Structure formats: C-alpha cells, structure tokens
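Just so you know, the sequences run in chain order A and B.
Following this note's numbering, the numbering of the first sequence begins with 2 at its first residue and continues without gaps.
Following this note's numbering, the numbering of the second sequence begins with 2 at its first residue and continues without gaps.
Glycine included, every Cβ here is placed at the ideal spot set by N, Cα and C.
These numbers were taken from a predicted model, which means no experiment stands behind them.
Here's the structure we're looking at; comments come further down.
Protein chains: 2
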Amino acid sequence: MTTDTKQLRVAMAEVSARVEAAMYADLDIRLTGSDQLLREVVEYALFSGGKRIRPFLCVLGSRCCGRDDTDLYILAAAFEYLHTATLMHDDVVDHASLRRGRETVVQRYSLEDAILAGDWLHAHSLYVVGKLTGADGLDIFCAATEAMVNGEFVQKRLSGDCRASEEEYFAVVRQKTGNLIASSCALGALYAGAECAKVQSLQHYGEQIGIAFQIVDDLLDYTGKGESTGKELGNDFKEGKVTLPLIRTLESADSDERRRIVKLMQGNRTAPGAQEAIVSYMHRLGGFQSAAKTAQSYIDRAIQALAPFTADPAACLPAALLHELASFILVRQK
Amino acid sequence: MTTDTKQLRVAMAEVSARVEAAMYADLDIRLTGSDQLLREVVEYALFSGGKRIRPFLCVLGSRCCGRDDTDLYILAAAFEYLHTATLMHDDVVDHASLRRGRETVVQRYSLEDAILAGDWLHAHSLYVVGKLTGADGLDIFCAATEAMVNGEFVQKRLSGDCRASEEEYFAVVRQKTGNLIASSCALGALYAGAECAKVQSLQHYGEQIGIAFQIVDDLLDYTGKGESTGKELGNDFKEGKVTLPLIRTLESADSDERRRIVKLMQGNRTAPGAQEAIVSYMHRLGGFQSAAKTAQSYIDRAIQALAPFTADPAACLPAALLHELASFILVRQK
C-alpha cells in the first residue's frame with residue numbers, strides 16, 4: 002500500500018464514520034414512532050459495510066469548494082439513501098440473494114419489504130436534497146434518478162442482442178452509474194456555493210470515474226473472485242447483458258468466432274460450460290485487456306478534470322484524495 | 002343526479018382535462034429521448050381513466066385561496082404521479098392483475114417495468130413538488146410518502162390479527178390514505194400562498210374525506226359489484242386485512258360468534274364459502290351499517306372544516322365543490 006492509498010483509506014474511513022453518524026441521527030428523527038420492522042429493514046439495508054463512495058464524493062466535492070460543516074454529512078447520506086433504495090429494487094428485479102457478502106433485503110425479509118422500504122429511502126433522500134440544496138440540487142438529483150431508470154429500460158431492450166453497439170453500452174453506463182456519481186460531486190460543489198465552472202469540473206470528474214467504475218464492475222463480473230467481491234459473479238452473462246468486455250471480444254472476432262459467441266449468448270446461458278466458453282473467448286481475443294485499457298482512459302480524463310482544484314492551495318488536499326480515489330478504482334478487486 | 006352533483010362532475014371533468022394536458026406536456030419534456038418502453042409504461046399507468054381526485058383537491062385547495070394558473074395543474078399532476086407510482090408498487094406486492102377494469106402494469110408488462118417505472122414517477126413527482134412549492138411543500142409531500150410506507154408496514158403487522166383495535170385501523174388509514182389526500186389540499190393552499198390557518202383547515206378537510214374514502218373502499222371490497230368497481234373484490238378478507246366492517250362486527254359479536262369469526266380469519270380464507278360466511282356475519286351483526294355511519298361522521302367533520310371558505314365570497318364556489326365532493330364520497334359505487 003502506498004502512502005497515498007493509505008491517506009485515501011484514512012479519509013474514506015473518517016468520512017464514512019461521520020456520514021454513518023449523520024444517518025443514525027437523521028433516521029432517529031425521521032423514524033420516531035414508525036413501525037419497528039420498517040426501521041429494521043431500512044437499517045439492515047443501509048448499514049451493510051458499503052464503501053460509501055457516493056457520500057465520500059459529495060463531501061470531497063464540497064471541501065474542494067471550501068465548505069465543510071455538519072449538514073454536509075446529511076446531504077452526503079442522501080446519496081447512500083438513494084443508492085441503497087435502487088439496490089433494494091434491483092435485487093428484487095434480479096432475484097438476487099447475495100450482496101456485499103450477506104443476504105439481500107428481498108431474500109432476508111420479503112418482496113414487499115424490499116419494495117416499500119426502498120420507496121421510503123427514495124422519498125427521504127429527495128427530501129434531504131431538496132431541503133439542503135433547493136430546486137437546483139433537486140433538479141440534478143431527480144434527473145439522475147430518472148436517468149437510472151431509463152438506463153435500466155435501455156439495458157433490458159439491448160439484453161442478449163450482440164449487435165448492441167459501444168455507443169449504446171456507454172449510454173447505459175452513463176445513465177445507470179455515471180449520472181449519480183457525477184451528481185454526488187456536483188451537489189457537494191453546489192452545496193458549497195461554488196461557481197458554475199467548478200460544479201461542472203467536479204461533475205465531469207464524477208461522470209468519468211463512474212463510467213470507469215462500471216467498466217471495472219463489468220470486468221469483475223467475469224474475472225473477480227466471489228470471496229473478495231462478496232456478491233454473485235457471472236450474472237451479466239446469465240442475464241444476457243452485453244457489456245464492454247463482450248463488445249470488444251466481438252470486435253476482435255473473425256466471422257466464425259463471432260457466430261459461435263452469438264450462439265453462446267442466444268443459447269442456454271446457464272448450461273454447464275457456457276460461462277467458461279465465453280470467458281475463454283474473452284481472454285483469447287483480448288476483450289478483458291481492451292476494456293481495462295478503456296477504463297484507464299476514463300480515469301485519465303477524470304484526473305485531468307481535477308486540474309483547477311489541484312492548482313488551488315485551498316483545494317489541493319481534497320483534490321489529491323479525489324485523484325487517489327480515481328486511481329484506486331482501477332485496481333479494486335471488489 | 003342533483004344539480005350540485007352535476008356541477009361537481011362538470012368541474013371534475015374540467016380539472017381532469019387540464020391536469021391531463023399538463024401531464025402530457027410535462028412528460029413530453031421530461032421523457033424526450035427516453036426509452037420508448039419506459040414512456041409507454043408510464044403513460045399506460047397514468048392514463049387509465051383514474052378519477053384524478055387528488056389533483057382535483059390540489060386545484061380546489063389553491064382556488065379556495067385565490068390562485069389558479071398554469072403551473073397549478075402541473076403541481077396537481079404530481080399527486081397523480083405519486084399516487085400512480087404507489088399503485089404500481091402495491092400491485093406488484095399484492096400480485097394484482099386487475100385495476101380500473103384493465104390489466105395492472107405488473108400483469109401487462111413485467112415486475113421490473115412496474116417497479117422501475119414506479120420509481121421514475123416517484124422521483125418525478127418529488128421534483129415537481131420541490132420546484133413549485135419549495136422545501137415546505139416537499140416536507141409535507143415526503144412526509145406523506147414516508148407515512149404511506151409506514152402504514153403498509155403497520156397494516157402487515159396487524160394482518161390476520163382479530164385483536165387489531167379501531168385505533169390501529171385508523172392509524173393505518175390515516176397514514177395510507179388520509180395523509181396524501183390531506184397533502185393534496187394543503188399543497189394547493191401552500192402554492193397559493195395562503196395563511197397557515199387556511200392551509201390547516203384544508204389539510205383537515207382532506208384528512209377527514211381521505212379516511213371516509215378508505216372506509217367506503219373497505220365497505221365496497223365486501224359489498225361492491227365487480228363490474229362497477231372495475232377491480233377485484235374480496236381481497237381484504239383473502240389477505241387477512243382487518244378493516245372497519247370486521248372490527249365493528251367483532252365488537253357486536255357474542256363470544257361464540259366471535260370464536261367462529263376468528264376461526265374464519267385464521268383458517269383457509271380462500272376456501273369455498275369462507276368469504277360468504279364472513280359477509281353473512283357482517284350483515285347480521287351490523288358491521289357494514291356501523292362502518293358506514295362512521296364514514297358519514299368523518300364527512301360531517303370535513304364539511305365543518307370548510308366553514309372559513311364557505312363564508313368567504315371569493316372562495317365559496319370552490320368550497321361548494323369540495324362540499325359536494327365530500328358528500329359524493331359516501332354514495333360512490335366505485
């Protein structure tokens with residue numbers, strides 16, 4: 002571990018602890034007198050060892066623009082509320098039983114609990130954002146939520162379709178992952194009252210690392226170790242999701258290989274050996290390496306977007322952490 | 002049909018048409034470039050011949066306080082967005098196949114579509130409310146959403162429990178139905194910049210008719226005609242929901258009757274004859290009449306809450322419509 006990575010971990014742990022304290026205090030107020038099970042489900046979903054990357058970005062975004070106070074951690078928590086709400090609903094849709102190494106809400110409790118407690122967190126996240134950043138912040142936040150849903154619809158439409166283009170893949174990734182991460186950074190800056198150019202730089206940084214994050218996620222779904230990722234792997238192939246490693250593999254394939262890969266995608270994807278066969282093509286045709294290289298280029302652009310802050314003595318410390326986080330995304334194993 | 006009822010129907014049709022036009026225009030902007038299926042699902046769910054009672058109340062609330070302009074109909078639409086989002090999620094949870102005489106979203110499309118398009122509408126409703134009524138309006142609106150979820154949790158906890166008290170029933174009804182209807186009225190008043198006392202009077206009116214509305218719904222679930230309600234009936238008993246007609250029936254029952262009713266509730270509620278047996282007890286022990294009388298008393302209180310507006314020449318026309326709507330709730334057959 003380098004000194005920089007160590008500093009990043011310390012900073013993430015510090016912010017995470019403050020965000021969690023803010024969440025407990027906030028939920029304590031908002032859930033007073035509520036049904037005990039609702040509270041239990043909400044807390045089970047929220048306090049699950051998540052990395053709190055979105056709250057961290059929100060806090061760093063605000064710090065880069067010179068503001069750091071108590072309410073910032075409640076605003077940051079809103080991103081974890083929304084993110085958790087979407088995960089709860091995703092797990093219902095995907096019939097997922099495992100997340101972060103433990104049972105999903107739908108598995109442990111019920112479909113009803115997962116849908117409704119997700120709705121509760123969703124409503125509450127918007128309340129917090131509206132209260133702390135007004136109509137401008139709410140606009141960015143709601144647009145990100147709406148885009149996430151739209152991204153899911155586009156992804157479903159493309160499911161199993163090996164003709165899905167790289168442009169379509171990136172449109173989905175931008176909407177499903179990039180937008181909310183970009184919003185975390187942007188709302189931090191907005192909360193700090195930053196000028197428009199700074200909000201946009203941080204938003205751009207967030208979008209680029211968000212896309213890189215998703216590419217790495219898509220790589221890990223094929224190449225990760227179940228133990229270290231803490232979730233089920235190989236889902237993308239089973240669900241017929243056409244992700245970047247596959248798109249790049251198809252690009253490098255000759256017509257005969259392409260035909261066989263398409264057959265694997267359109268056949269019984271849970272049949273024994275199907276997953277192994279597709280992974281073997283991906284290795285052989287360089288799909289993994291090519292996707293990883295693209296993730297690197299997004300990280301490079303993210304780091305470039307930090308230039309205005311790195312050059313500013315008042316912002317160089319939080320900017321250095323954002324730089325380090327961007328680099329870390331590439332090497333993460335979970 | 003009395004002259005007053007006719008005026009109410011004309012006014013409801015007029016407001017409904019303007020709200021629907023506002024919804025089309027608003028969705029056209031917000032869904033430009035979105036996935037075609039998302040748009041289709043959202044429109045299928047929204048334009049389904051709903052009565053638009055919540056938007057109507059929002060518009061009348063604002064008119065009672067002297068404001069009527071274009072944006073009011075977009076604000077009013079937000080209540081239909083949120084209401085529709087909750088119905089979509091409710092139908093997933095309840096595995097319901099029919100609503101308003103046609104297939105539910107989950108039945109016609111899929112679980113995924115119903116959950117995600119519901120999330121989209123939910124996010125969008127909050128965006129509209131935040132934009133048009135600021136943090137105060139968002140507070141009321143989000144509190145209503147959060148209460149709806151909490152009401153569902155409490156209801157589930159009480160499911161099948163014949164010891165559920167009248168207080169618990171009303172707490173659930175207030176949270177599940179009363180709050181959002183009260184919020185429709187309150188946000189209309191807030192939008193119009195009304196003084197606090199007027200906002201509260203309209204909020205109180207809304208809560209009372211909301212509770213009466215739900216009692217009538219619970220009555221219709223046992224006594225309605227499938228054709229005229231346009232939805233499946235007898236669900237409450239099947240699901241073990243302890244509603245007011247049952248609570249009142251149990252109150253009037255002697256120990257022997259009580260034992261038999263409890264046995265029906267705890268037994269196989271979908272067995273042939275079970276529903277008929279419980280309905281027979283309800284008729285015989287006056288559960289229906291008693292619940293209907295209570296609905297009447299809520300309507301009376303709602304009408305009393307309109308006094309400040311009825312006495313005001315500038316507000317007496319919209320107040321008369323609210324009065325008529327309250328009376329209509331008692332006689333509705335669907």
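Applying a beta-carbon distance threshold of less than 7 Å, which residues of chain A neighbour B/Arg158? If you number the second sequence from 1, residue 158 of chain B lands on position 157. Per Cβ cutoff of 7 Å: Asp36 and Leu38.
DSSP state of A/Leu99, grouped into three classes? Looking up residue 99 of chain A in the first sequence gives position 98. Strand, per DSSP.
Hey, out of B/Cys163, B/Arg249 and B/Gly102, whose CA is closest to B/Arg260's CA? In the second sequence, residue 260 of chain B corresponds to position 259, counting from 1. Of the candidates B/Cys163, B/Arg249 and B/Gly102, the one whose C-alpha sits nearest the C-alpha of B/Arg260 is B/Cys163.
Shorter than 8 Å, the distance from the beta carbon of B/Gly119 to the closest heavy atom of the ligand ATP, or not? Absence of the ligand ATP from the depicted structure is noted, as is the absence of any ligand whatsoever, leaving it without description.
Which residues of the segment 129-141 of chain A have a Cβ closer than 8 Å to any Cβ of chain B? Give them in chain order. Residues of the segment 129-141 of chain A that bring their beta carbon within less than 8 Å of a beta carbon in chain B comprise Gly131, Lys132, Gly135, Ala136, Leu139 and Asp140, in sequence order.
So the candidates are B/Ala46, B/Glu15 and B/Ser202; which of them puts its Cα closest to the Cα of B/Gly92? By 1-based counting over the second sequence, the position of residue 92 of chain B is 91. Reading the sequence as shown, one finds Asp at residue 92 of chain B and not Gly. Comparing Cα-Cα distances from B/Asp92 to each of B/Ala46, B/Glu15 and B/Ser202, the minimum goes to B/Ala46.
Got a sec: is the Cβ-Cβ distance from A/His125 to anything in chain B below 9 Å? On the first sequence, residue 125 of chain A is found 124 positions in, with the first residue counted as 1. Closer than 9 Å to some Cβ of chain B, the Cβ of A/His125 qualifies, so yes.
Can B/Met149 and B/Leu122 be called in contact, C-beta distance under 9 Å? Taking the second sequence and counting its residues from 1, one reaches residue 149 of chain B at position 148. Taking the second sequence and counting its residues from 1, one reaches residue 122 of chain B at position 121. Not a contact, by the Cβ cut-off of 9 Å.
Contact check, A/Leu203 vs A/Phe142, beta carbons under 9 Å: Residue 203 of chain A sits at position 202 when you count from the first residue of the first sequence. Residue 142 of chain A sits at position 141 when you count from the first residue of the first sequence. The Cβ-Cβ distance between A/Leu203 and A/Phe142 does not fall below 9 Å.
Can you grab the Cα-Cα spacing for the pair A/Leu251 / A/Gln156, in whole Å? Looking up residue 251 of chain A in the first sequence gives position 250. Looking up residue 156 of chain A in the first sequence gives position 155. Taking the CA atoms as reference points, A/Leu251 sits about 18 Å from A/Gln156.
Check whether chain A comes within 9 Å of B/Cys143, counting only Cβ atoms and requiring the distance to be less than that. Numbered from its first residue, the second sequence carries residue 143 of chain B at position 142. Closer than 9 Å: yes.
Any C-beta of chain B sitting closer than 9 Å to the C-beta of A/Ile30? Taking the first sequence and counting its residues from 1, the one referred to as residue 30 of chain A is at position 29. Answer no: the Cβ-Cβ gap between A/Ile30 and chain B never drops below 9 Å.
Starting from the beta carbon of A/Asn236, find every residue of chain B whose beta carbon is closer than 9 Å, and list them in chain order. To locate residue 236 of chain A, count along the first sequence from 1; it is residue 235. Simply none; closest approach about 15 Å.
Using CA atoms only, rank isn't needed, just tell me which of A/Ala145, A/Leu39 and A/Ser328 is closest to A/Leu117. Sequence index remark: in the first sequence, residue 117 of chain A carries index 116 (1-based). When only C-alpha atoms are compared, the closest one is A/Leu39.
Neighbouring residues, chain B, relative to A/Asn180 (Cβ below 8 Å): On the first sequence, residue 180 of chain A is found 179 positions in, with the first residue counted as 1. The contacting residues do not exist; A/Asn180 stays about 12 Å from chain B at best.
Is the Cβ of A/Glu113 closer than 9 Å to any Cβ of chain B? Position 112 of the first sequence, counted from the start, is the residue given in the question as residue 113 of chain A. So yes, A/Glu113 belongs to the interface.
For A/Glu169 and chain B, any beta-carbon pair shorter than 9 Å? By 1-based counting over the first sequence, the position of residue 169 of chain A is 168. By this cut-off, A/Glu169 is not an interface position.
Backbone secondary structure at B/Glu196 - three-state DSSP: Your numbering for residue 196 of chain B matches position 195 in the second sequence. Taken through DSSP and simplified to helix, strand or coil, B/Glu196 comes out as coil.
Residues of chain B with CB closer than 8 Å to the CB of A/Glu153, please, in chain order. By 1-based counting over the first sequence, the position of residue 153 of chain A is 152. Those are Glu113 and Leu117, listed as they occur along chain B.
Name the residue from A/Thr146, A/Leu127, A/Asp137 and A/Asp140 whose alpha carbon lies nearest to the alpha carbon of B/Leu139. For the purposes of this step, residue 139 of chain B is taken as the residue at position 138 of the second sequence. Checking every option, the nearest Cα to that of B/Leu139 belongs to A/Leu127.
Given 8 Å, three or more beta-carbon pairs between the segment 92-101 of chain B and the segment 207-216 of chain B: Counting Cβ pairs under 8 Å, fewer than three are found: no touch.
Show which residues of chain B have a CB atom less than 7 Å away from the CB atom of A/Val94. Within the first sequence, the letter at position 93 stands for residue 94 of chain A. In chain order: Leu112, Glu113 and Ile116.
Measure from the C-beta of B/Thr146 to each C-beta in chain A and report whether the shortest distance is under 9 Å. Indexing the second sequence from 1 puts residue 146 of chain B at position 145. Judged by the 9 Å Cβ criterion, B/Thr146 is in contact with chain A.
Quick test of your reading: B/Leu9 and B/Glu325, contact by CB under 8 Å. State the CB separation rounded to the nearest angstrom. Here the question's residue 9 of chain B lines up with position 8 in the second sequence. Here the question's residue 325 of chain B lines up with position 324 in the second sequence. 4 Å between Cβ atoms; contact.
Starting from the beta carbon of A/Asp69, find every residue of chain B whose beta carbon is closer than 7 Å, and list them in chain order. On the first sequence, residue 69 of chain A is found 68 positions in, with the first residue counted as 1. Those within 7 Å of A/Asp69 in chain B number zero; the least Cβ separation is about 22 Å.
Would B/Asp219 and B/Leu245 be called neighbours here (beta carbons separated by less than 9 Å)? Here residue 219 of chain B corresponds to residue number 218 of the second sequence, with the count starting at 1. Here residue 245 of chain B corresponds to residue number 244 of the second sequence, with the count starting at 1. Yes. Within cutoff.
Quick one: what's got a C-beta closer than 7 Å to B/Ala79's C-beta in the same chain, skipping five residues either side? Looking up residue 79 of chain B in the second sequence gives position 78. Contacts found: Ser126, Val129 and Val130.
Starting from B/Ser256, trace the alpha helix (DSSP H) in both directions and tell me its first and last residue. Indexing the second sequence from 1 puts residue 256 of chain B at position 255. Judged by DSSP secondary structure, B/Ser256 falls within the alpha helix (DSSP H) whose first and last residues are Ser256 to Gln267.
What first and last residue would you give for the alpha helix (DSSP H) that runs through A/Gly152? What you label residue 152 of chain A is simply residue 151 of the first sequence in a count that begins at 1. Leu112 to Leu159 is the span of the alpha helix (DSSP H), which, as asked, contains A/Gly152.
Could you tell me the distance, in whole angstroms, from the CA atom of B/Gln267 to the CA atom of B/Ser160? Residue mapping note: residue 267 of chain B aligns to position 266 of the second sequence, counting from 1. Residue mapping note: residue 160 of chain B aligns to position 159 of the second sequence, counting from 1. Rounded to whole angstroms, B/Gln267 to B/Ser160 spans 10 Å at the Cα level.
Segments assigned alpha helix (DSSP H), at least 4 residues, entirely inside the segment 166-248 of chain B: Counting whole runs of 4 or more residues, the segment 166-248 of chain B contains the alpha helix (DSSP H) stretches 167-174, 180-192, 197-224, 227-230 and 236-240.
Give a yes or no on whether the C-beta atoms belonging to A/Gly51 and A/Thr6 are separated by under 9 Å. Here residue 51 of chain A is taken as the residue at index 50 of the first sequence, counted from 1. Here residue 6 of chain A is taken as the residue at index 5 of the first sequence, counted from 1. No, these two residues do not count as a Cβ contact at 9 Å.
For B/Asp337, report the span of its alpha helix (DSSP H) as first-last. Because chain B in this structure spans residues 2 to 335, residue 337 of chain B falls outside the shown range and cannot be described.
Does the segment 307-320 of chain B come close enough to the segment 274-284 of chain B that 3 or more CB-CB pairs lie under 8 Å? These segments do not touch.
With a threshold of 16 other CB atoms inside 10 Å of the CB of A/Arg285, please say whether the residue is buried or exposed. Indexing the first sequence from 1 puts residue 285 of chain A at position 284. A/Arg285 counts as exposed, since fewer than 16 other C-beta atoms from the protein chains shown sit within 10 angstroms of its C-beta.
Exposed or buried, what is B/Glu167 when buried is set at 16 or more other beta-carbons lying within 10 Å of its beta-carbon? Translated into the one-based positions of the second sequence, residue 167 of chain B becomes position 166. Exposed.
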